[in-house]
Amino acid sequence: MVRQRRRRSLNQPAKQPPTPKFSQRSALTYWLIWLDVLALLVWGIVLLRFWITGRVNVLLHPDYVWLAVMAGIMLVGLAGAKVLQLLGREGRRQTADSRSTAQHFSLLPQGWSSLLLLVVGIFGLFYSPQAFASQVALERGVTETLTMTRSQPQSFRGGTRPEDRSLVDWVRTLNVYPEPDAYEGLPARIEGFVIHPPELAQDYIMLARFVITCCAADVYPVGLPIKITERRAAYPPDTWLRVEGQMVTEDLNGLRQLVVDADELIAIDEPANPYDY
Amino acid sequence: MDRWHSGLTLFFSLLVEAFPFLLLGVIFSSVLLFFVDERQLIRAIPRNPILGAFAGSLIGFIFPVCECGNVPVARRLLVQGAPTSTAIGFLLAAPTVNPIVFWATWTAFRDQPEMVFLRVGFSLAIATIIGWVFSRQKDMRPLLNASVARAMPLPADTTSAGSTETPSLLQSGTFMLGQPGQPQRLDSSLWQAAGVGATPTVLSKGVSERFRLLVENVILELRELGGVLVIGTAIAALVQVAIPRDVVLGLGQSPVTSILVMMALAWIVSICSTVDSFFALSFASTFTTGSLLAFLVFGPMIDLKNIALLTSVFRTRAIIYLFFLAGQLTFVGAFLVNLYLG
């Protein structure tokens, strides 16, 4: 529409000689509309890209992924609808709502908002979010006794064979019945990434997982100490391992704790979905 | 380097989480504009400030929006001439008092259903009280963002915006001399341009025309609020990465500090009201019930992310009033819960 107005002003110079300021503003507004469209399109693609590449798993709980996908589709659709409007049917619309070409209120200077969205969106096109690393786990405090009273009553499955329990299952089990001695001698096979907590001796590592409840803002780490025969430098932080062994209890830092006495430690790839639920 | 990646992951996570809800909110608010005659809704709202605020608090049940999406709707209610108490009641309560959030909180706190009712009850009470407090201000415009103040109708004791005696060019604002004799105000808002304050021209237009305006409006609002969201999210991510969480958590067992800590956390994390109950749940065994409630009530009203959005409606002074009123009322309520129910 803005372009129409500009066109008309150019076509009818006798009636309405455009001031240079007017036509500059008009052209600017016209290009700013394209900037909006581009920003929305890029964001739509970013959301869909995170979904297609699977990186959305690093950002969101699977339950909320469909929201991001729907938003991506809608943003692309919106941008497409606006492009059609801009390219096609302007002429007939010109008089219908010439008033709506009036500038929208703006919080940021004209164009800045779209530019910001566009720049961050373009960055998102090329950046792959990384799952949180051991450093974050250490900062957030790995809890082996878990603060999550929450879902255990629903998720605790007493019938599960010990060797089929995941790291998070173990932590939940411990949380329901926090008596380490009760699990002594049970076989364990768990997967997670390595942390080197400073308070543990050199022949211990911590195997941890992040638990996500809705998005990366609320992930929190849970972990179990692993007793190894060599020094822990052999297993650098953030390495993903499958640990097989037995549960034993030990006094670590004055606390009686459940520890996995490792028989075998196998390096594995980071899972497609690095968080647990 | 890890820290940098963590910050970026948080940043994109919050954005990817918030964008769908922002989109939903903007679409709802635009549909409200182009397909619902808000003035009928506004006419149906009781004029009594307390009842008006209470009615506004309940509008969220018709228009489920989270705290990213309620701002444009509240802004529109104000511009359309809704009583201040109603708009504020809606602004503060709608993110919590709506079916989506009710359902999410119910899912999270299945074992403690009282949390759901306390959350909704407190939000309604606080929103109504604050709406009533603000209704004492007869002319809200000094407290509002200049663009909203200009777009809203004048208070009843002065002449209406359309028939003001001041020549249009003597009004403040930016004008464009587009048509002879009809200077057009450049900074008037779209909804004002779209017929608000005059006859419901938009509602009399055909569906396809309204759809076209809807797309236009959605894009305009997404652009404005999206830009602000990016800034707010960047700040939220930075703060999260900069402050070790165990420092925050270490503070949390007494009935007083736990509430303050959870309120601060709600403010910092800026998590969307639709999903914040899951987040709160992760603190369920270490934090007092009252503090969780404070998190769930205070967070959706005011947080780091939506303070930026609020500046599109209010001036800083009003945001500070809102912040402290909501904060104090939440604290008192949560403290009582800790004392008598916790």
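Here the protein sequences come in this chain order: A and B.
Residues in the first sequence are numbered consecutively from 1, following my numbering.
Residues in the second sequence are numbered consecutively from 1, following my numbering.
Just so you know, even glycine gets a beta-carbon here, dropped at the ideal spot from N, CA and C.
Point to revise | CB contact below 8 Å: B:Leu222 versus chain A | key: For the purposes of this step, residue 222 of chain B is taken as the residue at position 222 of the second sequence. The beta-carbon of B:Leu222 is placed less than 8 Å from the nearest beta-carbon of chain A.
- [ ] Please classify B:Ser85: is it buried, with 16 or more other beta-carbons within 10 angstroms of its beta-carbon, or exposed?
- [x] In the second sequence, counting from the first residue as 1, residue 85 of chain B sits at position 85. Per the 10 Å Cβ criterion, buried.
Taking the beta strand (DSSP E) that A:Gly245 belongs to, which residues open and close that run?
Stepping through the first sequence from its first residue, residue 245 of chain A is reached at position 245. Its beta strand (DSSP E) spans residues Trp240 to Leu252.
Since A:Val194 sits in a beta bridge, which residues does DSSP pair it with? Locating residue 194 of chain A in the first sequence gives position 194, counting from the first residue. According to DSSP, which records beta bridges pairwise, A:Val194 is partnered with A:Leu207.
### Query
Mind checking if A:Leu200 is an interface residue toward chain B, Cβ cutoff 8 Å exclusive?
The count along the first sequence starts at 1 and reaches residue 200 of chain A at position 200. Not one chain B Cβ lies under 8 Å of A:Leu200.
If you check the beta carbons only, do A:Cys215 and A:Leu59 fall under 8 Å apart?
Along the first sequence, one-based indexing puts residue 215 of chain A at 215. Along the first sequence, one-based indexing puts residue 59 of chain A at 59. Yes, Cβ-Cβ distance for A:Cys215 and A:Leu59 is below 8 Å.
Problem - Buried versus exposed call for A:Ala233 [16 or more other C-beta atoms within 10 Å across all chains shown] - result: Against the first sequence, residue 233 of chain A aligns to sequence position 233. A:Ala233 should be labelled exposed.
Checklist line | Within 8 Å, strictly: CB atoms of A:Leu125 and A:Ala39 | finding: Counted from its first residue, the first sequence places residue 125 of chain A at position 125. Counted from its first residue, the first sequence places residue 39 of chain A at position 39. A:Ala39 sits away from A:Leu125, with the two beta carbons spaced by 8 Å or more.
Fill in: A:Ala262 versus A:Ile205 - alpha carbon distance
By 1-based counting over the first sequence, the position of residue 262 of chain A is 262. By 1-based counting over the first sequence, the position of residue 205 of chain A is 205. Between A:Ala262 and A:Ile205, the C-alpha separation is close to 10 Å.
Name, please, each residue of chain B whose Cβ falls closer than 9 Å to the Cβ of A:Val56. As a working note, residue 56 of chain A is residue 56 in the first sequence. The answer, in chain order, is Val16.
Notebook entry, point to check: Looking at the structure shown, is A:Tyr64 part of a helix, part of a strand, or coil, going by DSSP?
Noted result: For the purposes of this step, residue 64 of chain A is identified with residue 64 of the first sequence, where counting begins at 1. Note: A:Tyr64 maps to helix in three-state DSSP.
### Task
Please name the residue in B:Glu224, B:Leu77 and B:Leu220 whose C-alpha comes closest to that of B:Gln40.
Position 40 of the second sequence, counted from the start, is the residue given in the question as residue 40 of chain B. For the residues B:Glu224, B:Leu77 and B:Leu220, the minimum Cα distance to B:Gln40 belongs to B:Leu77.
Open item on the list: Can you pull out the residues from the stretch 118-144 of chain A whose beta carbon lies closer than 7 Å to at least one beta carbon of chain B?
Closed with: Val120, Gly124, Tyr127, Pro129, Gln130, Phe132, Ala133, Gln135, Val136, Glu139, Arg140 and Gly141
**Asked** Is there contact here, the stretch 216-225 of chain B with the stretch 283-302 of chain B, by at least three beta-carbon pairs under 8 Å?
**Response** no
inquiry  = Along the stretch 303-320 of chain B, where does the CB come closer than 7 Å to a CB of chain A? Name the residues.
reply    = For the stretch 303-320 of chain B, residues whose beta-carbon sits nearer than 7 Å to a beta-carbon of chain A comprise Thr311 and Ser312.
Q. If we call anything under 8 Å between Cβ atoms a contact, is B:Leu225 one with B:Val73?
A. Taking the second sequence and counting its residues from 1, one reaches residue 225 of chain B at position 225. Taking the second sequence and counting its residues from 1, one reaches residue 73 of chain B at position 73. No, the Cβ-Cβ distance between B:Leu225 and B:Val73 is not below 8 Å.
Mind checking if A:Ala188 is an interface residue toward chain B, Cβ cutoff 8 Å exclusive?
-> In the first sequence, residue 188 of chain A corresponds to position 188, counting from 1. Chain B contact via Cβ: absent.
Whole angstroms are fine: how far does the CA of A:Asp238 sit from the CA of A:Gly185? Position 185 of the first sequence holds residue 185 of chain A. Position 238 of the first sequence holds residue 238 of chain A. For A:Gly185 and A:Asp238, the distance between alpha carbons rounds to 27 Å.
First and last residue of the beta strand (DSSP E) that includes A:Glu264? Here the question's residue 264 of chain A lines up with position 264 in the first sequence. Start and end: Leu255 to Ala267.
- Query: Can you pull the DSSP bridge partners for A:Arg49?
  - Reply: Counting from 1 along the first sequence, the entry for residue 49 of chain A is found at position 49. In the DSSP output, where bridge partners are listed per residue, A:Arg49 has none listed.
Practice prompt. Closer than 6 Å by C-beta to B:Met301: which residues in its own chain qualify, once you throw out the five before and the five after it? Chain order, please.
Written response: Your numbering for residue 301 of chain B matches position 301 in the second sequence. Same-chain partners within the cutoff: Leu92 and Ala326.
Count the C-beta pairs between the stretch 30-48 of chain A and the stretch 77-86 of chain A that are closer than 8 Å, then say yes if the count reaches three, no if not.
-> Judged by Cβ distances under 8 Å, the stretch 30-48 of chain A makes contact with the stretch 77-86 of chain A, as three or more pairs qualify.
**Q.** Residue-level contact to chain B via CB, A:Asp97, 8 Å cutoff
**A.** Taking the first residue of the first sequence as 1, we reach residue 97 of chain A at position 97. Legend: pLDDT at A:Asp97 = 42, less than 50; position of this residue unreliable, no value from coordinates given.
Contact with chain A by B:Pro99, beta-carbon distance below 8 Å = Your numbering for residue 99 of chain B matches position 99 in the second sequence. Not closer than 8 Å to any Cβ of chain A, the Cβ of B:Pro99 fails to qualify, so no.
Taking 8 Å as the CB-CB cut-off, is B:Ile219 touching chain A?
-> By one-based count along the second sequence, residue 219 of chain B stands at place 219. Interface residue, yes.
Exercise. For B:Pro72, which residues in chain A fall below 8 Å Cβ to Cβ?
Worked result: Taking the first residue of the second sequence as position 1, residue 72 of chain B is located at position 72. What B:Pro72 touches in chain A: nothing, since even the nearest Cβ is about 11 Å away.
Within this structure, are the beta carbons of B:Leu310 and B:Ile235 separated by less than 8 Å? Working through the second sequence from its first residue, we reach residue 310 of chain B at position 310. Working through the second sequence from its first residue, we reach residue 235 of chain B at position 235. No; because the gap between Cβ atoms is not below 8 Å, this pair is not in contact.
(message) Within a Cβ cutoff of 6 Å, which residues of the same chain sit near A:Trp51, ignoring the five residues on either side of it in sequence?
(response) What you label residue 51 of chain A is simply residue 51 of the first sequence in a count that begins at 1. Cβ-Cβ distances below 6 Å link A:Trp51 to Val69 in the same chain, with the five nearest sequence neighbours on each side left out; the list follows chain order.
Exercise for review: Pair every Cβ in the stretch 43-57 of chain A with every Cβ in the stretch 195-209 of chain A, then say whether three or more of these pairs are closer than 8 Å.
Suggested key: no
Could you give the C-beta distance for B:Ser10 and B:Ala237, rounded to a whole number, given that I count them as a contact under 8 Å?
The sequence position of residue 10 of chain B within the second sequence is 10, counting from 1. The sequence position of residue 237 of chain B within the second sequence is 237, counting from 1. Position check: residue 10 of chain B holds Leu in this sequence, whereas Ser was assumed. About 4 Å; that satisfies the 8 Å criterion.
Requested in this report: Starting from B:Gly327, follow the alpha helix (DSSP H) in both directions and report where the run begins and ends.
Outcome: Translated into the one-based positions of the second sequence, residue 327 of chain B becomes position 327. Element bounds for B:Gly327: Thr316 to Tyr340.
Item checked: Top-ranked residue by Cα proximity to B:Phe134, from B:Ile320, B:Gly299 and B:Leu339 -> Working through the second sequence from its first residue, we reach residue 134 of chain B at position 134. When each option's Cα is compared against that of B:Phe134, the closest is B:Ile320.
Give the residues of chain B in contact with A:Lys82, contact being defined as C-beta atoms less than 8 Å apart.
Position 82 of the first sequence, counted from the first residue, corresponds to residue 82 of chain A. Those within 8 Å of A:Lys82 in chain B are Val215, Glu216 and Ile219.
Among B:Leu229, B:His5 and B:Ile100, the one whose alpha carbon lies nearest that of A:Phe132 = Working through the first sequence from its first residue, we reach residue 132 of chain A at position 132. Selected option, being the one with the closest Cα: B:His5.
- By how many angstroms is the C-alpha of A:Arg49 removed from the C-alpha of A:Gln246? As a first step, residue 246 of chain A must be located in the first sequence, where it is residue number 246. As a first step, residue 49 of chain A must be located in the first sequence, where it is residue number 49. Whole-angstrom Cα-Cα distance: 42 Å.
*Which runs of the alpha helix (DSSP H) fall wholly inside the stretch 63-105 of chain B and span at least 4 residues, in chain order?*
As far as the stretch 63-105 of chain B is concerned, its whole alpha helix (DSSP H) runs of at least 4 residues are 70-79 and 84-93.
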